Amino acid sequence: DGGITQSPKYLFRKEGQNVTLSCEQNLNHDAMYWYRQDPGQGLRLIYYSQIVNDFQKGDIAEGYSVSREKKESFPLTVTSAQKNPTAFYLCASKKQGAGTGELFFGEGSRLTVL
Amino acid sequence: GEDVEQSLFLSVREGDSSVINCTYTDSSSTYLYWYKQEPGAGLQLLTYIFSNMDMKQDQRLTVLLNKKDKHLSLRIADTQTGDSAIYFCAEREEDSSYKLIFGSGTRLLVRP
């Protein structure tokens, strides 16, 4: 079945460590997104990519990095520069261009900094 | 910039109707969406409405759009305990990114 797979589902990190969250999709979508979710704050956009080898900063990109070397993959690295990284991270994808613009989401990765 | 606002919490009795409200700011949005999130999971699209429509009905779900007031609502008829979740409203930016801007989510609690 087509879908988006995020891993790991749960991740613990010590302060000062970088961690990478994986996001893979087999929907043949061009555009991919990373959102951060904190309680009561909804979803905030970290980075997005509309095509391979290209990506743009979202509203809260500081302390994060991404790459888009393959259409199917859009990994997110949470660096030690991110001061408050404990959160629920959601990856999404959609067809490029207009159309109905529906976003398809993965099941999320919960990062906890100890 | 664009902003989407929702109330944070709604509690209803099983079998009653639920109405979740949302206001948005971008009058050029052509699509508006309702997503559902169950605990510890990703978001699932419930329904969307095109901006030239006033209403869209899909089984127990009814979406009402008031473009003049930039107000969107989701009505769930005969609310069940399985409807307990967080509901997000979203608008689409009409630049080349077509990004979605989400509200903070409304937590719906259905009491038996």
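Same order as they appear, the protein sequences are chains H and F. Residue numbers for the first sequence follow our numbering, beginning at 1 and rising by one. Residue numbers for the second sequence follow our numbering, beginning at 1001 and rising by one. Note that beta-carbon positions come from the ideal geometry of N, C-alpha and C, so glycine has one too. Since the model is a prediction, treat every value here as computed from it, not as a measurement.
Please list the segments of the beta strand (DSSP E) lying wholly inside the region 1039-1087 of chain F, counting only runs of 3 or more residues, in order along the chain.
1043-1050, 1055-1058, 1061-1066 and 1071-1076
Cβ pair L1061/F, L1074/F closer than 8 angstroms
yes
Does the beta carbon of S1099/F sit closer than 8 angstroms to a beta carbon anywhere in chain H?
Here residue 1099/F is Lys; the residue named in the question, Ser, does not match the sequence. Yes, contact with chain H.
State yes or no: is the C-beta of S109/H within less than 8 angstroms of the C-beta of P8/H?
yes
For chain H, check one thing: does any of its Cβ atoms lie closer than 8 angstroms to the Cβ of L1043/F?
yes
What does F74/H touch in chain F if you count any residue whose Cβ is under 9 angstroms from its own?
Simply none; closest approach about 15 angstroms.
According to DSSP, simplified to helix, strand and coil, what is K1099/F?
coil
Local conformation of N1021/F per DSSP, three classes:
strand
Do T1106/F and S1017/F have their C-beta atoms closer together than 8 angstroms?
no
When the Cα atoms are used, what is the spatial distance from N53/H to G1015/F?
50 angstroms
Please identify the residue among E1094/F, P1039/F and S1028/F whose C-alpha is closest to the C-alpha of L1108/F.
P1039/F
If distances are taken between C-alpha atoms only, which option among S67/H, I51/H, E102/H and T86/H comes closest to A92/H?
E102/H
Does the structure place the region 15-31 of chain H close enough to the region 1049-1063 of chain F that three or more beta carbon pairs sit under 8 angstroms?
no
Is there a Cβ of chain H sitting closer than 8 angstroms to that of S1104/F, yes or no?
yes
What are the boundary residues of the beta strand (DSSP E) that includes I60/H?
Premise fails: I60/H is in no beta strand (DSSP E) and is neither H nor E.
Determine, for Y1031/F, whether the minimum Cβ-Cβ distance to residues of chain H falls below 8 angstroms.
yes
Tell me the residue span of the beta strand (DSSP E) that contains A92/H.
A87 to K94
Under a Cβ-count criterion, where at least 16 other Cβ atoms within 10 Å of its own Cβ denotes burial, should M1055/F be classed as buried or exposed?
exposed
According to DSSP, which residues form a beta bridge with A1090/F?
Y1033/F and F1102/F
Express the C-alpha separation of N1021/F and F104/H in angstroms, rounding to a whole number.
23 angstroms
Mind checking whether L111/H and T86/H have CB atoms under 8 angstroms apart?
yes
Mind pulling the chain H residues with CB within less than 9 angstroms of Y1048/F?
T100, G101 and E102
For G2/H, the nearest candidate out of Y10/H, R13/H and Q25/H (CA to CA):
Q25/H
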